[in-house]
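Reading through the C-alpha cells given below for one structure.
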Amino acid sequence: ISDQKPLGCWSVKHGQILTCPVVCNFETHEYIAVHDDKVLRIWKNEDINLDKAFKATLSADVYRIHSLPQGGPLVLFRGGGVRTLDVLLEAPQQEIENVVSDEVIRWSGAFMEGQQPVLIFTTEKDGDFFVYVQKPKLSSLHRYKLEQQESAKPLCFTAHITNQTVTLLCLYSNDSVYQVLIPLQQDTEEEQEEEEEILSKSLLLKLSVSGAVLKGTSLVVLDKDHVAVLGSLAASGKQPRECLTIWNTKFQTLQTSKELPLGTSGQLWCYEEKFFLIHGKVLTVILYKCETSSLAAAVGKLKDSQTPDVSLFLNWNTLEDEELVVSFQSQESVALKAESRMNLRSRRSTVAEGQPETLSVGQLLLNLKGASTYVLETELKKLMAKAPTPDLQATIGCVVTALTDRCKRNPKYYPQTFLQQIVETHDLSYSLCPDLMAVALEKKDMPLLQMCLERFPDIPEEVTYTCLNAFLSMSEAHLQTIDVNVDSVICYIDVELDDKEVKTEVVENGFSAEMEQDMCDTNNSMENRFRSDGESCPVGLQKAALLNAVLHSAYTETFLLPHLKNLPAQQAILFLRYLYYLYVKCSEKVNTTLPGIRSPTINQIMDWMCLLLDAQFTVMVMLPEAKELLSNLHKFVRAQVRFYSELNKIEGSLQELQRLNHLRESQTYSIEVLEII
1 ISDQKPLGCW SVKHGQILTC PVVCNFETHE YIAVHDDKVL RIWKNEDINL
51 DKAFKATLSA DVYRIHSLPQ GGPLVLFRGG GVRTLDVLLE APQQEIENVV
101 SDEVIRWSGA FMEGQQPVLI FTTEKDGDFF VYVQKPKLSS LHRYKLEQQE
151 SAKPLCFTAH ITNQTVTLLC LYSNDSVYQV LIPLQQDTEE EQEEEEEILS
201 KSLLLKLSVS GAVLKGTSLV VLDKDHVAVL GSLAASGKQP RECLTIWNTK
251 FQTLQTSKEL PLGTSGQLWC YEEKFFLIHG KVLTVILYKC ETSSLAAAVG
301 KLKDSQTPDV SLFLNWNTLE DEELVVSFQS QESVALKAES RMNLRSRRST
351 VAEGQPETLS VGQLLLNLKG ASTYVLETEL KKLMAKAPTP DLQATIGCVV
401 TALTDRCKRN PKYYPQTFLQ QIVETHDLSY SLCPDLMAVA LEKKDMPLLQ
451 MCLERFPDIP EEVTYTCLNA FLSMSEAHLQ TIDVNVDSVI CYIDVELDDK
501 EVKTEVVENG FSAEMEQDMC DTNNSMENRF RSDGESCPVG LQKAALLNAV
551 LHSAYTETFL LPHLKNLPAQ QAILFLRYLY YLYVKCSEKV NTTLPGIRSP
601 TINQIMDWMC LLLDAQFTVM VMLPEAKELL SNLHKFVRAQ VRFYSELNKI
651 EGSLQELQRL NHLRESQTYS IEVLEII
C-alpha cells in the first residue's frame, strides 16, 4: 500500500458479478471468490486469466467466505449451512441444509477457539433478530433470539471470543452500543433444546459527547477496552460531519476523533492493528497501537514518568495528506495538548528514550531549527549513529526531512554530499522523505536523483517522468561536468574517441547486422545505415547512466502512460533511439544480459520501449525524423523473430544431441556425423 503499486488484477467476464468479498487462503496462498452466487473460483497470484482458474458450481447460494489463519476457509451459505472449503470441494454439488428458514443473514464472523473454528452470524425476520453459533468441524449449532429494544434496531454487529465466551457488540439506531454475552456450550448427546433461549443485552456505550450525537454506521473492536465507530457526528445547529471516533468502553469516554471532510463509504475495517476506510476516492490506512487502559489515559492526564512511551499516539496525518507522515513529538507536549486521546501509537513513530530528560527526536530537531549548518549536520550525524535499530529508518527519514525543510527556507543551503551519503548508506524509501527528490530536481542534483531512482522502491510515476524529462533535456556538455556513476554503462557502451569508434564488447553468438540484412533481403546501403544507427550510442556516457536509473525504477503502466504522453517529441525520439541501441546490444549477447553493475535487463528495455511507443505512437508516425528509426526497429525485431523461429525448428535435434552426449562413455573416442533433416 505504501508503494501505491497494484500487484495484481483479475476480472470476471462481462455479465458476471462478484457476489461476496474475495478472501485469501492462508494455508495455500490462493484467492477464493464467488460470482453469480454459486460459482466458486480459486486461483494463485501468478495466474493471469480468471476465466481459466479453478471453477466449481455449488448447489446453493453463498453468503460469505471466511478465511482463518489456522482453521482454513469456511463457506457460509445464505440458508445458514456451513462447510469447510475442503469438504465442499470433495463434492461441490452436495446438498446444503437450510438452517435459517425465512430469515435473512445480516452479519457473520469467524473466529478460532483453541483448535476449533467458530462461525457466528445474525439473522432478521419480521423485526426479530437471531444469533447462530456454529462449530462446523463438530457439527454443533446453537440458535438464540436477541432481546428486542423498543423503538430501536441493530445497525451492525461485531464480536470477539474470550475464555469460552462470545462477546457480541451491537450498534443500535438509538446511538448506543450494547453488549451480549454468549457462553460457548459443550454439546452432549443428551442435550435437547425445548424452547428458544433469549439473549439479554446490556448498555456498553452511549455515543454522545458534549451535546453532540454520533450516528454510527460501522463498528469494530480494537481490544477489550476500546472500540472504533465510523459515523456522522451531529450537533444542534450544525451540519453533520462524518468522523472516525475511538471510544474507551471501560471509562465511557471518547478518546479521539477525526473529521472526514471528503466523505466515506460508511464501512470501517480493522486488521492487524490497522484501520482501513474509504476517504473520498482514496483507501486510507492508519496504523494504531492500544496501550493498557487506565483512567489517567482515558482523560488525557497520563504522566510521562509513569509510562515512557505511551505519548506516541494515532497518527491522524494519514487522513490529511493521504500518506503516512512520521510524527515525532515530545512526551510533555503531547500530554499537555492531548484533550482526550487514547494511548495509540503509530508503528512509524520512534520510541522515546528510557531517561525522562533525554530529548525526543522531534524536540531535538525543533531545537536545531535555527542552528548553524555545521552544528545541524554534526548533531544529525550523531542522532543517526545512536538511533535504535527498530526506529532507524524512521529517524533517518525525519533527518532527511529536516534537511530538505532547511533547503526550502534557505535557497543557498544544499548539503549535497551529506544527502548523498545518507541515501547511499541507508535503506530509505520515497514515502519516508517525499520532499527529497523534489529538492534534488530543483537543485539539478543528478547524482542524487540517480541514487534515489536505483534505490527507492516506491517513487510515484509522476516523479519518475519528471526525472526522465530532466535527464533527456539536459545538454551533454553540462552532464560531462557532473560526477555521475557510470558503472551501469561503462562495460558495454561504444565510446567515440578522436572520431574513431572504440568497441568495448565483442559479438558472442554470431548475430550481426549482416544476418539481419540477408534475412530481410535489403541492399548494402541499408546495411550501412543500420550499423550506424544500431551500433553507436545516441547519448553520452553520463546521460546513458541516468536513463538506466529510470529504467530500473518501479512503475505501474496505467499511472505512467498519461505522463509519457506529455514527453516532447524530440526527447521521445531520443529516448527510443537509446532503447533501440540497448535492445541491439542485448541481442548480441548469448544470454541477452548486459555487463556492468545495475545494467538494464532485456525485460526492462522491452517494457519501456513498448510503453513509449504506446504513449507516443501518433507522434512517431507523423514525424519524418522518426520514420527511419521505426523502420529499422521493425526490421530488427522481424529478424529476431525469424532467427528464433529457425532455432525452434532444430530444437528437437539439439535435444537429441544433448541426450547422446550423456549416453556416450567418457573414455571412448569417436567421430560422429549427425544429419539434421
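Going by UniProt numbering, the residue at position 532 of the sequence shown is 532; the numbering climbs one at a time, nothing skipped.
Ideal placement from N, C-alpha and C gives every residue a C-beta, glycine not left out.
Using a 10 Å radius around the Cβ and a threshold of 16 neighbouring Cβ atoms, would you call Val506 buried or exposed?
Numbered from 1 along the sequence shown, position 506 holds the residue referred to as residue 506. Only weak support is given to the placement of Val506: the predicted model assigns it a pLDDT of 36, under 50, and the value that follows is read from those uncertain coordinates. Burial is judged here by how many other beta carbons sit within 10 angstroms of a residue's own beta carbon; Val506 has fewer than 16 and is exposed.
Taking Asp94 as the reference, which of Glu103, Arg106, Phe77 has the closest Cα?
For the purposes of this step, residue 94 is taken as residue 94 along the sequence shown, with counting starting at 1. The residue asked about is misnamed: residue 94 is Gln in this sequence, not Asp. For Gln94, the closest alpha carbon among the candidates Glu103, Arg106, Phe77 is that of Phe77.
Straight-line CA distance for Thr249 to Glu27?
Taking the sequence shown and counting its residues from 1, one reaches residue 249 at position 249. Taking the sequence shown and counting its residues from 1, one reaches residue 27 at position 27. In a straight line, the C-alpha of Thr249 is about 35 Å away from that of Glu27.
From Met620, Tyr555, Leu647, Asn469, pick the residue whose C-alpha is nearest to that of Trp608; which is it?
As a position in the sequence shown, residue 608 is number 608, starting the count at 1. The shortest Cα separation from Trp608 among Met620, Tyr555, Leu647, Asn469 belongs to Tyr555.
Once you ignore the five residues that flank Glu462 on each side, which residues in its own chain have a CB closer than 7 Å to its CB?
Within the sequence shown, the letter at position 462 stands for residue 462. Cβ within range, chain order: His563.
Would you check if there are 3 or more beta carbon pairs closer than 8 Å linking the stretch 73-91 to the stretch 49-62?
They touch, by the three-pair rule.
Can you tell me the Cβ-Cβ gap for Ala440 and Leu449, rounded? I've got them flagged as a contact below 8 Å.
The residue you call residue 440 lines up with position 440 of the sequence shown. The residue you call residue 449 lines up with position 449 of the sequence shown. Their Cβ separation, rounded to whole angstroms, is 5 Å, which keeps Ala440 and Leu449 in contact under 8 Å.
Return the chain-ordered list of same chain residues with a C-beta closer than 6 Å to the C-beta of Tyr583, the five sequence neighbours on each side being excluded.
Against the sequence shown, residue 583 aligns to sequence position 583. So the qualifying residues of the chain are Ile605.
Cα separation between Asn524 and Pro538?
Residue 524 sits at position 524 when you count from the first residue of the sequence shown. Residue 538 sits at position 538 when you count from the first residue of the sequence shown. Confidence in Asn524 is poor, its pLDDT being 39 and thus under 50, which makes the residue's placement unreliable; the coordinate value appears in the next sentence. When rounded, the distance between both Cα atoms is 22 Å.
Mapping DSSP to helix, strand and coil, what is Leu89?
For the purposes of this step, residue 89 is taken as residue 89 along the sequence shown, with counting starting at 1. Leu89 falls in the helix class under three-state DSSP.
Assuming contact is defined by CB atoms lying nearer than 8 Å, are Leu168 and Leu230 in contact in what I supplied?
Walking along the sequence shown from the start, residue 168 turns up at place 168. Walking along the sequence shown from the start, residue 230 turns up at place 230. Not in contact: Leu168 and Leu230 (Cβ atoms no closer than 8 Å).
Is Gly280 near Gly266, with beta carbons less than 8 Å apart?
As a first step, residue 280 must be located in the sequence shown, where it is residue number 280. As a first step, residue 266 must be located in the sequence shown, where it is residue number 266. Result no, Cβ atoms of Gly280 and Gly266 do not sit closer than 8 Å.
Out of Ser429, Lys38, Cys433, Leu654, which one is the CA nearest neighbour of Thr57?
Taking the first residue of the sequence shown as 1, we reach residue 57 at position 57. Of the candidates Ser429, Lys38, Cys433, Leu654, the one whose C-alpha sits nearest the C-alpha of Thr57 is Lys38.
Between the alpha carbons of Phe121 and Ile105, how many angstroms are there, rounded?
Here residue 121 is taken as the residue at index 121 of the sequence shown, counted from 1. Here residue 105 is taken as the residue at index 105 of the sequence shown, counted from 1. If you take the alpha carbons of Phe121 and Ile105, they lie about 7 Å apart.
Does DSSP put Trp247 in a helix, a strand or coil?
The count along the sequence shown starts at 1 and reaches residue 247 at position 247. Strand.
Starting from Lys635, trace the beta strand (DSSP E) in both directions and tell me its first and last residue.
As a position in the sequence shown, residue 635 is number 635, starting the count at 1. Lys635 -> not in any beta strand (DSSP E); alpha helix (DSSP H) instead, spanning 624-649.
Return the bridge partner residues of Gly109 from the DSSP annotation.
Locating residue 109 in the sequence shown gives position 109, where the first residue counts as 1. Paired residue(s): Ile120.
Is Ala438 helix, strand or coil by DSSP?
As a working mapping, residue 438 is identified with position 438 in the sequence shown. Correct three-state label for Ala438: helix.
Rounded to the nearest angstrom, what separates Asn45 and Tyr31 at their Cα positions?
Working through the sequence shown from its first residue, we reach residue 45 at position 45. Working through the sequence shown from its first residue, we reach residue 31 at position 31. Near 8 Å, if we compare the C-alpha coordinates of Tyr31 and Asn45.
So, at 8 Å on beta carbons, what are the nonlocal neighbours of His226 in its own chain, with the 5 sequence-adjacent residues on each side left out?
As a position in the sequence shown, residue 226 is number 226, starting the count at 1. If we look at His226 and ignore the five residues flanking it on each side, its Cβ neighbours are Ile246, Trp247, Asn248, Thr249, Gln255, Cys290, Ser293, Met342.
Any idea which residues DSSP pairs Pro411 with across the strands?
Position 411 of the sequence shown, counted from the first residue, corresponds to residue 411. Bridge partners of Pro411 according to DSSP: none are assigned.
Quick check: what's the CA-CA separation for Lys145 versus Asp128?
Along the sequence shown, read from residue 1 onward, the residue named residue 145 stands at position 145. Along the sequence shown, read from residue 1 onward, the residue named residue 128 stands at position 128. For Lys145 and Asp128, the distance between alpha carbons rounds to 8 Å.
By how many angstroms is the C-alpha of Gly397 removed from the C-alpha of Leu380?
On the sequence shown, residue 380 is found 380 positions in, with the first residue counted as 1. On the sequence shown, residue 397 is found 397 positions in, with the first residue counted as 1. About 11 Å.
Would you grab the beta carbon distance between Val213 and Asp175 for me? Rounded to a whole angstrom, and I think it's under 8 Å.
In the sequence shown, the residue the question calls residue 213 occupies position 213. In the sequence shown, the residue the question calls residue 175 occupies position 175. With a beta-carbon spacing of about 5 Å, Val213 and Asp175 fall inside the 8 Å limit used to define contacts.
Among the candidates Phe130, Gly211, Leu89, Gly114, whose CA atom is the shortest distance from the CA of Glu103?
Start at 1 with the first residue of the sequence shown, and residue 103 comes out as number 103. Of the candidates Phe130, Gly211, Leu89, Gly114, the one whose C-alpha sits nearest the C-alpha of Glu103 is Phe130.
Which value, in whole angstroms, describes the spacing of the CA atoms of Gln570 and Asp445?
Mapped onto the sequence shown, residue 570 falls at position 570. Mapped onto the sequence shown, residue 445 falls at position 445. Roughly 23 Å between the two C-alpha positions.
Nearest to Gln148 by alpha carbon, out of Pro73, Glu272, Tyr178?
The sequence position of residue 148 within the sequence shown is 148, counting from 1. The option with the nearest alpha carbon to Gln148 is Tyr178.
Going by the beta-carbon positions, is the gap between Leu612 and Leu579 smaller than 8 Å?
Looking up residue 612 in the sequence shown gives position 612. Looking up residue 579 in the sequence shown gives position 579. Contact flag set, yes.
Would you list, in sequence order, the uninterrupted alpha helix (DSSP H) runs of no fewer than 4 residues that lie entirely inside the stretch 46-97?
85-90
Excluding the 5 residues preceding and the 5 following Glu194 in the sequence, name in chain order all residues of the same chain whose CB lies nearer than 7 Å to its CB.
In the sequence shown, the residue the question calls residue 194 occupies position 194. Caution is warranted here: a pLDDT of 47 is assigned to Glu194, below 50, making its placement in the model unreliable, and the coordinate value is therefore given only provisionally. Excluding residues within five positions, none has a Cβ falling inside 7 Å.
Quick check: residue 681 and Val486, are their CB atoms within less than 8 Å of each other?
In the structure displayed, the chain extends from 1 to 677; residue 681 sits before or after that span and is not available.
Helix, strand or coil: how does DSSP classify Ser532 here?
Position 532 of the sequence shown, counted from the first residue, corresponds to residue 532. Reliability of the predicted coordinates at Ser532 is poor, the pLDDT of 42 falling under 50, and no value is obtained from them.
For Gly652, which of helix, strand or coil comes out of DSSP?
What you label residue 652 is simply residue 652 of the sequence shown in a count that begins at 1. Looking at Gly652 - three-state DSSP - the assignment turns out to be helix.
I'd like to check one pair, Pro117 with Pro136: are the Cβ atoms closer than 8 Å?
Position 136 of the sequence shown, counted from the first residue, corresponds to residue 136. Position 117 of the sequence shown, counted from the first residue, corresponds to residue 117. Their beta carbons are under 8 Å apart, which means Pro136 touches Pro117 by this criterion.
DSSP has Lys215 in a bridge; who is on the other side?
Translated into the one-based positions of the sequence shown, residue 215 becomes position 215. The partner list for Lys215 (beta bridge, DSSP) reads Ser232.
Could you give the C-beta distance for Leu560 and Tyr492, rounded to a whole number, given that I count them as a contact under 8 Å?
On the sequence shown, position 560 is the one that residue 560 refers to. On the sequence shown, position 492 is the one that residue 492 refers to. The beta-carbon separation of Leu560 and Tyr492, rounded to 26 Å, does not stay under the 8 Å limit for a contact.
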